[in-house]
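Residue numbers (the numbering used here): 361 to 505. Virtual Cβ for every residue (Gly too), placed ideally from N, Cα, C. Accompanying notes for the structure given below.
Structure below.
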């Protein structure tokens, strides 16, 4: 009899926990595309915060608040949407994959820009050195008598 009661209590506990854990779809759920953009921005700002935290703080920038204002959302809306998507793992994996792809594209884009700038600086330095080495002796004007 004790075993039956224990099994019934265990089954009731499992059923209640599964119903309790699943979040409802929020009324103001952030679209997947927007969620990707928000997570990309949060990732970039959190990286910048780690590198140059004093500058951000000195300018009064809170990364989270900046992202919320930029995307016109509030922290509760983000929290509920993130909770909903993270419970639905397939959707969240898709979102995170898109975030990762976006970050890789941005990295490649800025890497290319940096390489182009370095190339231009190198060409500029070479041109400067050619101009200065072309005529090391300055000519004095001749007087014609």
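| Residues near residue 430 by beta carbon distance below 8 Å, same chain, minus five either side | Translated into the one-based positions of the chain shown, residue 430 becomes position 70. Around residue 430: 401.
| query | Can you list, in chain order, the residues of its chain whose CB lies under 8 Å from that of residue 440, leaving out five sequence neighbours each side? | reply | The sequence position of residue 440 within the chain shown is 80, counting from 1. For residue 440, where only same-chain residues beyond five positions count, the Cβ hits under 8 Å are 383, 386, 388 and 389.
| request: Measure the alpha-carbon distance for residue 449 versus residue 462 and round it to whole angstroms. | output: Start at 1 with the first residue of the chain shown, and residue 449 comes out as number 89. Start at 1 with the first residue of the chain shown, and residue 462 comes out as number 102. In a straight line, the C-alpha of residue 449 is about 20 Å away from that of residue 462.
| field | Residue from 395, 490 and 504 with nearest C-alpha to residue 442 | value | Within the chain shown, the letter at position 82 stands for residue 442. The candidate whose alpha carbon is nearest that of residue 442 is 395.
| Residues near residue 470 in its chain [Cβ-Cβ closer than 8 Å; skip 5 each side] | As a first step, residue 470 must be located in the chain shown, where it is residue number 110. If we look at residue 470 and ignore the five residues flanking it on each side, it has no Cβ neighbours.
| request: Give the secondary structure of residue 391 by DSSP, where H, G and I count as helix, E and B as strand, and everything else as coil. | output: Against the chain shown, residue 391 aligns to sequence position 31. Residue 391: coil per DSSP, three-state reduction.
| said: Since residue 398 and residue 427 should fall inside the 8 Å C-beta cutoff, what is the C-beta to C-beta distance between them, to a whole number of angstroms? | reply: What you label residue 398 is simply residue 38 of the chain shown in a count that begins at 1. What you label residue 427 is simply residue 67 of the chain shown in a count that begins at 1. Rounded, the Cβ-Cβ distance is 6 Å, consistent with contact.
| message | Suppose contacts are defined by Cβ-Cβ distances below 9 Å. Is residue 392 in contact with residue 460 by that definition? | response | Numbered from its first residue, the chain shown carries residue 392 at position 32. Numbered from its first residue, the chain shown carries residue 460 at position 100. The answer is no: Cβ separation not under 9 Å.
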